[in-house]
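**Student:**
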Amino acid sequence: MLRSLVIHVGAQKCASSSLQASLRLVHQALNGRFGFCFLNPAQLRSTDLAISKQKVSAFGYVDQVLSGQTADQVVISHEMLGNRPALVSAIAERALNMFSFDRVVISGYTRLQSNYHVSSFAQWYFRDRKKLLSDIKVFKELGLPWRKFTAQERSLFALAFAGKDRNWCANYRRFIAGVKHLSGRVRVVSCHIPTRQIPYSLLQHFVESTGLDLAIDDLASMDVRKNQSFHPAVIHGVSNFSSDLPLGCQSFFPGPHEGNRWLFRVCDRLAGEVDVMNEFETLFSPAFERCLLNHLDSRTAVDNKDYCELMSVDERYFQPLPDALSKTADELKDFASEMADERRLKAIEAFNRSVQSACFSAARKEIIST
Numbered sequence: 137m138l139r140s141l142v143i144h145v146g147a148q149k150c151a152s153s154s155l156q157a158s159l160r161l162v163h164q165a166l167n168g169r170f171g172f173c174f175l176n177p178a179q180l181r182s183t184d185l186a187i188s189k190q191k192v193s194a195f196g197y198v199d200q201v202l203s204g205q206t207a208d209q210v211v212i213s214h215e216m217l218g219n220r221p222a223l224v225s226a227i228a229e230r231a232l233n234m235f236s237f238d239r240v241v242i243s244g245y246t247r248l249q250s251n252y253h254v255s256s257f258a259q260w261y262f263r264d265r266k267k268l269l270s271d272i273k274v275f276k277e278l279g280l281p282w283r284k285f286t287a288q289e290r291s292l293f294a295l296a297f298a299g300k301d302r303n304w305c306a307n308y309r310r311f312i313a314g315v316k317h318l319s320g321r322v323r324v325v326s327c328h329i330p331t332r333q334i335p336y337s338l339l340q341h342f343v344e345s346t347g348l349d350l351a352i353d354d355l356a357s358m359d360v361r362k363n364q365s366f367h368p369a370v371i372h373g374v375s376n377f378s379s380d381l382p383l384g385c386q387s388f389f390p391g392p393h394e395g396n397r398w399l400f401r402v403c404d405r406l407a408g409e410v411d412v413m414n415e416f417e418t419l420f421s422p423a424f425e426r427c428l429l430n431h432l433d434s435r436t437a438v439d440n441k442d443y444c445e446l447m448s449v450d451e452r453y454f455q456p457l458p459d460a461l462s463k464t465a466d467e468l469k470d471f472a473s474e475m476a477d478e479r480r481l482k483a484i485e486a487f488n489r490s491v492q493s494a495c496f497s498a499a500r501k502e503i504i505s506t
């Protein structure tokens, strides 16, 4: 059997946790016949920096990982690799030239940019004070009353206004270009993650697209879905509280990539309480957010079509809705102004206080219980 290395590059918010959990189960089931390593993000950042500075010791961590693999089929994985094509190319070249791998496959997954941003906000940005304040700054500079909008609306508006989108096509062109010199011994594969409209088995697709031969009859039983999400009241309450907090003040709420388990326990406590979010859609019409999402989908449509052609991905995953239109900066600002005129600030502030109170109460119970 040819010795194969698969480098799973994510990307973030593209079912990486689910796939990694599945691969751990496969690793356990095959008992040494299949290697899996979830890479250390801090070590990867150090490696990337050391490579850019051409340090002799740059590959210490990578060499340690690759030398420790004894199986003929190995997967190494971390979603941050999706933003580092040069590092991935260097790992692939090292695996072929120094660690007896015969072939390398770079595998990554993508998703519609608007969905990607909403998911990122619900995971990280709602507790990222730097990002929250940056979004508020956009509203202030345009003379828009930021308090009449949710933090997620502000985040989407700032993204729509800035015109900077995740470009999957450019990303994968860099991956392909980075391994072109390796004489066809490296392949790059990619697909949109499964959706409700167009579902498929993520683990099975990963195995088949990368050419792994696992010889497992019950592969479907290992297709894990890790999709735990934070309670809407926590997302709204924490983002609202953090947005109002003066500069220089500390918050006991965890920031991005911190305290997930604690926050999920707070969410569990809120799940058993009275629904404090029932007024949400009355106060914040979904029309504004829908307009922003449609704008993003329309704006990224051409690049997404190019990505689908490049990587042979079903274009239906990235198809904008028929009414999706890209708007000018002035049109976006005018629509935000119209929305602000329709909204009642006092009612919104009362709602925000109610949600914050519920969050603080649940957080306090969790703190004193431990």
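Under my numbering, the sequence shown has 213 at position 77, and the numbering climbs by one with no breaks. Glycine included, every Cβ here is placed at the ideal spot set by N, Cα and C.
Going by beta carbon distance, what residues of the same chain come within less than 7 Å of residue 264, once the five residues before and after it are set aside?
**Tutor:** Once the five neighbours on either side are set aside, the close Cβ partners of residue 264 are 391 and 392.
**Student:** Helix, strand or coil: which one does DSSP assign to residue 246?
**Tutor:** Correct three-state label for residue 246: strand.
**Student:** With DSSP collapsed to three states, give me the class of residue 144.
**Tutor:** Of the three classes helix, strand and coil, the one that applies to residue 144 here is strand, per DSSP.
**Student:** So residue 308 and residue 453 are supposed to be a Cβ contact under 8 Å. How far apart are they, rounded?
**Tutor:** Going by Cβ atoms, the distance from residue 308 to residue 453 rounds to 15 Å, so no, they are not a contact pair.
**Student:** Can you give me the Cβ contacts of residue 163 inside the same chain, cut-off strictly under 6 Å, excluding the 5 residues immediately before and after it?
**Tutor:** Correct list, in chain order: 170 and 172.
**Student:** For residue 297, I'd like the list of residues in its chain whose CB is within less than 7 Å of its CB, leaving aside the five on either flank, ordered along the chain.
**Tutor:** Closer than 7 Å at Cβ, skipping near neighbours: 274, 465 and 468.
**Student:** With respect to the beta strand (DSSP E) encompassing residue 171, which residues constitute its N-terminal and C-terminal limits?
**Tutor:** From DSSP, the beta strand (DSSP E) with residue 171 extends over 171–174.
**Student:** Taking only beta-carbon atoms, is residue 441 less than 9 Å away from chain D?
**Tutor:** Reference to chain D is not applicable here, since this structure consists of a single protein chain.
**Student:** Residue 410 and residue 495 - do their beta-carbons sit closer together than 9 Å?
**Tutor:** No; because the gap between Cβ atoms is not below 9 Å, this pair is not in contact.
**Student:** Round the Cβ separation of residue 167 and residue 287 to the nearest angstrom and send it over; I've been treating them as touching at under 8 Å.
**Tutor:** Going by Cβ atoms, the distance from residue 167 to residue 287 rounds to 47 Å, so no, they are not a contact pair.
**Student:** Consult DSSP for residue 393 and reduce its assignment to one of helix, strand or coil.
**Tutor:** Correct three-state label for residue 393: coil.
**Student:** Just to confirm, are residue 338 and residue 180 a CB contact at a threshold of 9 Å?
**Tutor:** Contact: no.
**Student:** According to DSSP, residue 158 sits in a beta bridge with which residue or residues?
**Tutor:** For residue 158, which the question treats as bridged, DSSP gives no partner whatsoever.
**Student:** Are residue 315 and residue 228 touching if we call contact CB-CB under 9 Å?
**Tutor:** Taking 9 Å as the Cβ cut-off, residue 315 and residue 228 qualify as a contacting pair.
**Student:** As a quick exercise: from 184, 150 and 340, pick the residue whose alpha carbon is nearest that of residue 331.
**Tutor:** Closest option to residue 331, Cα to Cα, is 150.
**Student:** Hey, could you find the ends of the alpha helix (DSSP H) residue 341 is sitting in?
**Tutor:** Residues 338–346.
**Student:** Which class does residue 274 belong to by DSSP, given the choice of helix, strand or coil?
**Tutor:** Of the three classes helix, strand and coil, the one that applies to residue 274 here is helix, per DSSP.
**Student:** Which value, in whole angstroms, describes the spacing of the CA atoms of residue 446 and residue 312?
**Tutor:** The straight-line gap from Cα to Cα measures roughly 10 Å.
**Student:** Taking the continuous beta strand (DSSP E) assigned at residue 371, which residues delimit it?
**Tutor:** It is not in any beta strand (DSSP E) - residue 371 instead sits in the alpha helix (DSSP H) that spans 368–380.
**Student:** Got a sec? Which residues, its chain only, sit under 6 Å from residue 186 by beta carbon, not counting five neighbours each side?
**Tutor:** Correct list, in chain order: 194.
**Student:** Roughly how many whole angstroms lie between the Cα atoms of residue 250 and residue 153?
**Tutor:** Distance between the alpha carbons of residue 250 and residue 153: 20 Å.
**Student:** For residue 213, does the three-state DSSP call read helix, strand or coil?
**Tutor:** In the structure shown, residue 213 sits in a strand (DSSP, three-state: E or B).
**Student:** Hey, residue 479 and residue 420: beta-carbon distance below 9 Å or not?
**Tutor:** Yes.
**Student:** In this structure, does DSSP put residue 323 in helix, strand or coil?
**Tutor:** If DSSP states are grouped into helix, strand and coil, residue 323 belongs with the strands.
**Student:** Could you check if residue 317 is buried or exposed, using at least 16 other CB atoms within 10 Å of its CB as the buried criterion?
**Tutor:** By the 10 Å Cβ count, residue 317 comes out exposed.
**Student:** CB residue 140 to CB residue 271, shorter than 9 Å?
**Tutor:** No.
**Student:** Straight-line CA distance for residue 278 to residue 299?
**Tutor:** Using only the alpha carbons, I get a separation of about 16 Å.
**Student:** With respect to the alpha helix (DSSP H) encompassing residue 221, which residues constitute its N-terminal and C-terminal limits?
**Tutor:** Residues 221–234.
**Student:** For residue 290, write down the residues that DSSP places opposite it in a beta bridge.
**Tutor:** Its beta-bridge partners do not exist; DSSP assigns none.
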